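In the order they appear, the protein sequences are chains A and B.
Numbered by full-length UniProt numbering, the letters in the first sequence go through residues 1 to 489 in order.
Numbered by full-length UniProt numbering, the letters in the second sequence go through residues 1 to 489 in order.
We put the beta carbon where it would ideally sit given N, CA and C, even for glycine.
A quick note: this is a predicted structure, and the numbers were derived from the prediction, not measured.
Step one of this worksheet: look at the structure below.
2 protein chains.
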Amino acid sequence: MTPARFNSPELRANTGLTSGTFDSVEKRAFQGAHQSITPAVATQFNELPAHVWPATATRDEDGVVAIGGVKLTDLVAEYATPLFVVDEEDFRSRCQAMAAAFGGAHHVHYASKAMLTKRIARWVNEEGLSLDVASLGELQIALAANFPAERITAHGNNKSEAFLTLCVTAGVGHVVLDAPQEIGQLNAIARAHNSQQEVLVRVKPGIEAHTHEFIATSHEDQKFGFSLASGAAKAACLEAVAASNLELVGLHCHVGSQVFDAQGFSLAAQRLLHLMRDVRQEIRPADADRLTLLDLGGGYGIAYVADQQPLDVSQVAHTLLNEVARQSAELEMEQPTVLVEPGRAIAGPAAVTVYTVGNVKDVHTAADRTRRYLAIDGGMSDNIRPALYAADYEARVANRNTSGSAVSSRLVGSHCESGDILISEALWPDDIATGDLLAVAATGAYCYAMSSRYNMMLRPAIVSVRDGKASLMMRRETLDDVLALDCDK
Amino acid sequence: MTPARFNSPELRANTGLTSGTFDSVEKRAFQGAHQSITPAVATQFNELPAHVWPATATRDEDGVVAIGGVKLTDLVAEYATPLFVVDEEDFRSRCQAMAAAFGGAHHVHYASKAMLTKRIARWVNEEGLSLDVASLGELQIALAANFPAERITAHGNNKSEAFLTLCVTAGVGHVVLDAPQEIGQLNAIARAHNSQQEVLVRVKPGIEAHTHEFIATSHEDQKFGFSLASGAAKAACLEAVAASNLELVGLHCHVGSQVFDAQGFSLAAQRLLHLMRDVRQEIRPADADRLTLLDLGGGYGIAYVADQQPLDVSQVAHTLLNEVARQSAELEMEQPTVLVEPGRAIAGPAAVTVYTVGNVKDVHTAADRTRRYLAIDGGMSDNIRPALYAADYEARVANRNTSGSAVSSRLVGSHCESGDILISEALWPDDIATGDLLAVAATGAYCYAMSSRYNMMLRPAIVSVRDGKASLMMRRETLDDVLALDCDK
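This is how it looks when you write it as structure tokens:
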């Protein structure tokens with residue numbers, strides 16, 4: 001493509017777009033979750049689209065981006081790069097929106113695997129939400145942050161004896177049963193501690209959400225849960241009801257990740273309601289009365305780039321709750337309480353990662369084409385998602401306004417691996433230079449949580465911002481943290 | 001497939017194999033690097049094929065696997081699971097074989113990104129090998145282990161100022177120039193420290209190794225090096241020669257990872273020799289005489305599963321060195337010294353990961369088919385390669401001999417993610433049960449190195465074994481290691 005001035009008639013002509021605002025361009029460009037960024041959108045490079053960037057993100061007259069009223073340039077001066085910046089107001093407002101949509105804060109379980117620190121657990125608690133944990137370590141951190149155990153739900157396809165035991169002894173609200181042998185195992189632990197443990201049964205409803213293969217979770221051939229179709233789910237429910245120290249209080253399913261087709265949730269609800277009715281009919285009325293929770297899991301899709309649109313949570317919730325009410329009436333049973341487990345949809349858009357641009361290199365990709373490689377001081381160690389899931393991300397220069405011609409650009413990390421690519425292809429201004437700060441949006445979920453020390457690139461710091469103030473949440477790793485594990489002198 | 005007794009005539013008939021030893025079956029089954037495991041091979045489940053498992057791996061009469069003369073059951077009793085076990089003898093013997101193949105230990109640079117601890121650096125040093133580092137952190141750990149700086153080569157597409165400065169001040173032998181602006185940057189640093197820094201120039205020779213897309217590194221459209229075809233490589237060489245405080249001593253290239261087609265190395269050598277000749281002709285004789293190193297990088301493929309065959313290093317080296325001699329004579333120039341950078345080929349097969357089997361679950365994949373899901377107490381946090389590269393692995397029960405019918409099995413981790421699969425499909429005995437120890441082979445490279453704390457699953461310990469003795473190399477992470485970074489009380 002011939003370089004063109006930003007916002008020029010030439011570029012619009014090249015892309016077939018003769019007029020229109022950013023919004024309308026974006027809507028036309030939107031074709032689904034995995035659509036690549038389109039030239040016309042990418043050229044609006046100084047904008048910070050509200051559906052992608054944190055709620056409080058602004059760019060001032062000098063072009064400096066601030067979040068939570070704190071300039072990213074000031075944060076970098078104090079904490080260096082790479083740096084995760086979490087917008088507390090954004091995070092909390094998403095908690096509140098989820099709570100409002102699903103009729104009660106405690107109906108919403110924040111999926112801590114997306115991002116968990118003590119401060120995150122505190123925010124979730126203060127907003128009145130419940131919390132999902134999926135391992136002993138996640139539970140321990142939640143408890144270390146004084147998260148009320150009774151509002152915690154414990155997941156996991158292979159929970160260790162230590163994990164199950166801590167669930168019982170700490171008084172975790174719900175344990176989600178995931179495997180046949182877990183039923184007897186948990187019952188024995190609860191009995192040994194003279195405890196009654198409330199449980200849900202994780203069901204595979206046989207619905208495959210339309211999303212990336214690696215993160216789709218509700219087809220039959222997967223490790224989680226009990227099959228609805230085979231009868232295993234019903235059998236597990238009956239066994240849990242019969243277990244002396246377990247109380248079956250609900251059913252659980254999870255249809256996928258980054259889901260944009262809301263029908264999957266409704267269909268899953270419908271199938272689980274039928275199962276709930278069937279189970280209720282086979283157990284004593286007192287036990288049936290306890291079976292009141294319908295946990296539909298997470299998977300609410302967010303926008304990583306401008307030409308994606310996040311799932312409209314309030315609309316989905318409205319539809320879903322109506323559907324559950326209607327179906328329950330049809331099945332002549334009391335309407336269960338719908339629970340949900342968003343992680344990404346709360347943490348994802350609340351954070352950005354700020355990097356410093358290092359080497360800039362133009363690479364010939366064909367006789368008449370070049371691609372500009374912009375290298376930043378992080379990479380697959382702090383964000384494995386592009387390499388792992390071919391995930392899309394969007395970046396902006398954060399220290400100034402940019403201008404210049406649009407060039408085909410690729411954002412790469414500093415790792416000794418050619419697959420260390422954060423953004424594979426974007427049309428960016430050609431004036432981005434070494435020393436510029438580049439912020440990547442929507443990195444709150446599954447970035448720090450999955451971070452590694454590959455190439456001994458130590459974990460970035462995380463800072464939270466709100467009302468003009470910044471506060472360190474996780475300090476930057478040092479070489480001493482690595483050497484603390486090394487047993488040799 | 002109908003379950004069949006191991007080693008039974010039925011199974012051989014089913015697979016079309018009527019006779020033959022394990023070796024011949026394996027050879028017939030071998031069709032390349034990414035061939036899936038075949039039923040006939042998988043059923044030899046108590047074997048530990050020597051080309052996949054560590055050199056000292058044995059199974060005793062009770063079926064207990066030992067490495068370095070230490071039973072894995074004893075190691076697990078002391079260090080728990082998951083546990084990385086490194087066979088020191090295997091690691092050292094691979095260093096020695098590489099040194100012999102390439103005509104001198106210091107010609108072989110161990111690529112530390114594959115696996116680096118202080119002990120690993122010491123072993124590499126004691127074997128006389130050189131060392132590659134690709135980041136400030138890797139260099140710092142090498143120096144902390146007293147690795148001689150003059151035998152260290154520094155790589156990286158985006159070396160930080162701090163990294164380049166430490167290279168100069170510590171006296172690192174070679175820095176590999178990777179980007180145009182790095183030439184002036186490094187020269188300025190060397191000048192500021194009154195130092196002459198020997199450098200190589202990383203060249204993109206335009207050869208795409210036949211390997212997985214994410215880890216192929218020598219085509220033009222990638223972040224590393226200077227293009228040979230465009231003239232950028234030659235220009236970089238001339239600029240380095242002209243720089244007051246740099247001394248150009250060699251050329252470098254890297255054709256890919258897990259390479260099984262040795263011709264790629266020869267072709268790359270040929271192209272770099274032509275460039276070397278061209279550069280020599282344009283610089284002063286004294287400078288030309290210094291340009292004597294031909295670093296052909298790494299990428300030597302190993303066998304992760306029985307039906308793969310590792311690249312024959314001594315044969316490849318023999319061919320390559322002859323080719324370089326022939327070409328040099330043809331170009332009428334002195335033969336350069338060939339350097340190589342194996343990481344995986346040294347560390348990979350030297351280690352195994354030992355897990356404990358947890359939940360076992362049979363899942364219907366079709367009306368008449370089931371798949372057995374075996375869950376272990378680790379997963380994508382300690383081995384991201386299957387999820388990241390669709391990498392193959394092979395596992396064996398380590399605490400006893402197994403028997404029983406062959407069932408379609410899948411090895412999954414404990415993470416809250418359906419893509420957390422270590423081995424997607426294998427035919428394994430149906431008697432594998434909760435509590436069994438399962439060892440996964442060839443996990444020495446890029447497993448611990450890329451490990452994360454996803455789901456707060458803390459890093460396993462690493463223990464090295466030799467001559468009947470075990471010694472902890474890296475201690476297991478604890479929750480306190482995570483909380484040490486957390487800034488909240």
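May I have a chain-ordered list of the beta strand (DSSP E) segments no shorter than 3 residues that lie completely inside the stretch 369–438 of chain B?
369–376, 395–397, 406–412 and 421–429, all fully within the stretch 369–438 of chain B.
Could you pull out every residue in the same chain whose Cβ sits closer than 7 Å to the Cβ of V76 (chain A), ignoring the five residues on either side in sequence?
In the first sequence, counting from the first residue as 1, residue 76 (chain A) sits at position 76. Answer for V76 (chain A): L83, V354 and L437, listed in chain order.
Please tell me whether S409 (chain B) has its Cβ less than 7 Å away from any Cβ of chain A.
Sequence index remark: in the second sequence, residue 409 (chain B) carries index 409 (1-based). No Cβ of chain A is located within less than 7 Å of the beta carbon of S409 (chain B).
Quick test of the definition: if touching needs 3 or more C-beta pairs under 8 Å, does the stretch 178–185 of chain A touch the stretch 233–245 of chain A?
In the pairwise beta carbon analysis, the stretch 178–185 of chain A is classified as touching the stretch 233–245 of chain A: at least three pairs are separated by under 8 Å.
How many whole angstroms separate the CB atoms of S423 (chain B) and T117 (chain B), which I take to be in contact at a CB cut-off of 8 Å?
Reading the second sequence from its first residue, position 423 is the one you call residue 423 (chain B). Reading the second sequence from its first residue, position 117 is the one you call residue 117 (chain B). A quick correction: the sequence has Ile, not Ser, at residue 423 (chain B). The beta-carbon distance between I423 (chain B) and T117 (chain B), rounded to whole angstroms, is 26 Å. This is too long to meet the 8 Å contact definition.
Between the alpha carbons of R89 (chain A) and V108 (chain A), how many angstroms are there, rounded?
By 1-based counting over the first sequence, the position of residue 89 (chain A) is 89. By 1-based counting over the first sequence, the position of residue 108 (chain A) is 108. According to the sequence provided, residue 89 (chain A) is Glu. The question's Arg does not apply to it. Distance between the alpha carbons of E89 (chain A) and V108 (chain A) is about 18 Å.
What residues from the stretch 375–387 of chain A come within 9 Å of chain B, judged by C-beta to C-beta, listed N to C?
Within the stretch 375–387 of chain A, those residues whose Cβ lies closer than 9 Å to any Cβ of chain B are, in chain order, A375, I376, D377, G379, M380, S381, I384 and A387.
I152 (chain B) lies in the beta strand (DSSP E); which residues open and close that run?
On the second sequence, position 152 is the one that residue 152 (chain B) refers to. Counting along the chain, the beta strand (DSSP E) containing I152 (chain B) begins and ends at I152 to A154.
Euclidean distance between Cα positions of C253 (chain A) and C416 (chain B):
Locating residue 253 (chain A) in the first sequence gives position 253, where the first residue counts as 1. Locating residue 416 (chain B) in the second sequence gives position 416, where the first residue counts as 1. Answer to the nearest angstrom: the Cα atoms are 13 Å apart.
Of the choices A:D480, A:H364, A:D467 and A:A484, whose alpha-carbon is the least far from that of M474 (chain B)?
On the second sequence, residue 474 (chain B) is found 474 positions in, with the first residue counted as 1. Distances from the CA of M474 (chain B) to each of A:D480, A:H364, A:D467 and A:A484 were compared; the closest alpha carbon is that of A:A484.
Please go through the same chain and pick out, in chain order, the residues whose beta-carbon is closer than 6 Å to the beta-carbon of E341 (chain B), but skip the five residues on each side of it.
Residue 341 (chain B) sits at position 341 when you count from the first residue of the second sequence. Excluding the 5 residues flanking it on each side, E341 (chain B) has same chain C-beta neighbours closer than 6 Å at H109, A111, D132, G297 and G298, in chain order.
Cβ-based burial, D287 (chain B) [other Cβ within 10 Å; buried from 16]
Reading the second sequence from its first residue, position 287 is the one you call residue 287 (chain B). D287 (chain B) should be labelled buried.
Using three-state DSSP, classify M333 (chain B) as helix, strand or coil.
Locating residue 333 (chain B) in the second sequence gives position 333, where the first residue counts as 1. Residue state, collapsed to three classes: coil.
Under the assumption that R277 (chain A) contacts L320 (chain A) (Cβ atoms under 8 Å), give the Cβ distance between them as a whole number of angstroms.
Residue 277 (chain A) sits at position 277 when you count from the first residue of the first sequence. Residue 320 (chain A) sits at position 320 when you count from the first residue of the first sequence. Cβ atoms of R277 (chain A) and L320 (chain A) stay farther apart than 8 Å, at about 18 Å.
Quick check: the Cα distance between G32 (chain A) and S257 (chain A), rounded to an integer number of angstroms?
Taking the first residue of the first sequence as 1, we reach residue 32 (chain A) at position 32. Taking the first residue of the first sequence as 1, we reach residue 257 (chain A) at position 257. Because the pLDDT of G32 (chain A) is 33, which lies under 50, any placement of that residue in the model is unreliable, and the number read from its coordinates should be weighed accordingly. In this structure, the alpha-carbon of G32 (chain A) lies about 14 Å from that of S257 (chain A).
So, at 7 Å on beta carbons, what are the nonlocal neighbours of H435 (chain A) in its own chain, with the 5 sequence-adjacent residues on each side left out?
For the purposes of this step, residue 435 (chain A) is taken as residue 435 along the first sequence, with counting starting at 1. For the record, residue 435 (chain A) in the displayed sequence is Gly; it is not His. These residues qualify, in order along the chain: T356 and V357.
With distances taken from CA atoms, which of A:D480, A:A306 and A:H106 is nearest V47 (chain A)?
For the purposes of this step, residue 47 (chain A) is identified with residue 47 of the first sequence, where counting begins at 1. The sequence shown places Glu at residue 47 (chain A), rather than the Val named in the question. For the residues A:D480, A:A306 and A:H106, the minimum Cα distance to E47 (chain A) belongs to A:A306.
If you count every other CB in all the chains shown that lies within 10 Å of the CB of S403 (chain A), and 16 or more means buried, which is it?
Here residue 403 (chain A) is taken as the residue at index 403 of the first sequence, counted from 1. Under the 10 Å beta carbon count, S403 (chain A) is surrounded by fewer than 16 other beta carbons and is classified as exposed.
For a test of the three-state rule: what should DSSP assign to L136 (chain B), helix, strand or coil?
As a first step, residue 136 (chain B) is located in the second sequence; it is residue number 136 there, counting from the start. Judged by DSSP in its simplified three-state form, L136 (chain B) adopts helix.
Quick check on D436 (chain B) - is its C-beta less than 7 Å from some C-beta in chain A?
Position 436 of the second sequence, counting from 1, holds the residue named residue 436 (chain B). It does not: the Cβ of D436 (chain B) has no partner Cβ on chain A nearer than 7 Å.
Output needed for S195 (chain B): all residues of its chain with C-beta closer than 6 Å, excluding positions within five of it in sequence on either side, in chain order.
Counted from its first residue, the second sequence places residue 195 (chain B) at position 195. So the qualifying residues of the chain are V168.
Under the rule that 16 or more other beta-carbon atoms within 10 Å means buried, what is A216 (chain A), buried or exposed?
For the purposes of this step, residue 216 (chain A) is taken as the residue at position 216 of the first sequence. The pLDDT assigned to A216 (chain A) is 42, lower than 50, so where the model puts this residue is not dependable, and the model offers no usable value.
My parser needs the beta strand (DSSP E) runs of 3 or more residues fully inside the stretch 438–479 of chain B; what are they?
DSSP runs (the beta strand (DSSP E)) wholly in the stretch 438–479 of chain B: 461–466 and 469–474.
Can you list, in chain order, the residues of its chain whose CB lies under 8 Å from that of L139 (chain A), leaving out five sequence neighbours each side?
Locating residue 139 (chain A) in the first sequence gives position 139, where the first residue counts as 1. Answer for L139 (chain A): V133, I152, A154, F163, L166, C167, A170 and V172, listed in chain order.
Is the stretch 369–379 of chain A touching the stretch 403–414 of chain B, taking contact as three or more C-beta pairs under 8 Å?
In short, these stretches do not touch, since the Cβ pair count stays below three.
Alpha-carbon spacing of G419 (chain A) relative to V85 (chain B), whole angstroms:
If you number the first sequence from 1, residue 419 (chain A) lands on position 419. If you number the second sequence from 1, residue 85 (chain B) lands on position 85. For G419 (chain A) and V85 (chain B), the distance between alpha carbons rounds to 28 Å.
Pick from B:A442, B:C487, B:D480 and B:Y448: whose alpha carbon is nearest that of W53 (chain B)?
Along the second sequence, one-based indexing puts residue 53 (chain B) at 53. Distance from the Cα of W53 (chain B) is smallest, within the candidate group B:A442, B:C487, B:D480 and B:Y448, for B:A442.
Kindly list the residues whose CB is nearer than 7 Å to the CB of K234 (chain A), restricted to its own chain and excluding five residues on each side of it in sequence; keep chain order.
The residue given as residue 234 (chain A) occupies position 234 in the first sequence. Taken in chain order, the residues that qualify are L275, D278 and V279.
Given a threshold of 16 other Cβ atoms within 10 Å of its Cβ, counted over all protein chains shown, does E282 (chain A) qualify as buried or as exposed?
Counting from one through the first sequence, the residue named residue 282 (chain A) turns up at place 282. By the neighbour-count definition (other C-beta atoms within 10 Å, threshold 16), E282 (chain A) is an exposed residue.
How close, in whole Å, do the beta carbons of R202 (chain A) and V176 (chain A) come, if the pair is a contact with beta carbons under 8 Å?
Stepping through the first sequence from its first residue, residue 202 (chain A) is reached at position 202. Stepping through the first sequence from its first residue, residue 176 (chain A) is reached at position 176. Yes, they are in contact, since the Cβ atoms of R202 (chain A) and V176 (chain A) sit about 5 Å apart, within 8 Å.
Identity of the residues DSSP links to I67 (chain A) by a beta bridge
Position 67 of the first sequence, counted from the first residue, corresponds to residue 67 (chain A). Paired residue(s): A:V70.
Could you tell me which residues DSSP pairs with G250 (chain A) in its beta bridges?
In the first sequence, counting from the first residue as 1, residue 250 (chain A) sits at position 250. The secondary-structure analysis by DSSP pairs G250 (chain A) across a beta bridge with A:L200 and A:L293.
List, in chain order, every chain B residue whose beta-carbon is nearer than 9 Å to that of A149 (chain A).
The sequence position of residue 149 (chain A) within the first sequence is 149, counting from 1. Within 9 Å Cβ-Cβ: nothing; A149 (chain A) doesn't reach chain B, min ~17 Å.
For D90 (chain B), name the three-state secondary structure that DSSP assigns.
Start at 1 with the first residue of the second sequence, and residue 90 (chain B) comes out as number 90. Helix.
Pairwise C-alpha distance: V65 (chain A) and G343 (chain A)
Locating residue 343 (chain A) in the first sequence gives position 343, where the first residue counts as 1. Locating residue 65 (chain A) in the first sequence gives position 65, where the first residue counts as 1. One alpha carbon belongs to G343 (chain A), the other to V65 (chain A), and they sit about 26 Å apart.
Do you know offhand how far G206 (chain B)'s Cα is from E198 (chain B)'s?
Along the second sequence, one-based indexing puts residue 206 (chain B) at 206. Along the second sequence, one-based indexing puts residue 198 (chain B) at 198. E198 (chain B) has its alpha-carbon roughly 25 Å from the corresponding atom of G206 (chain B).
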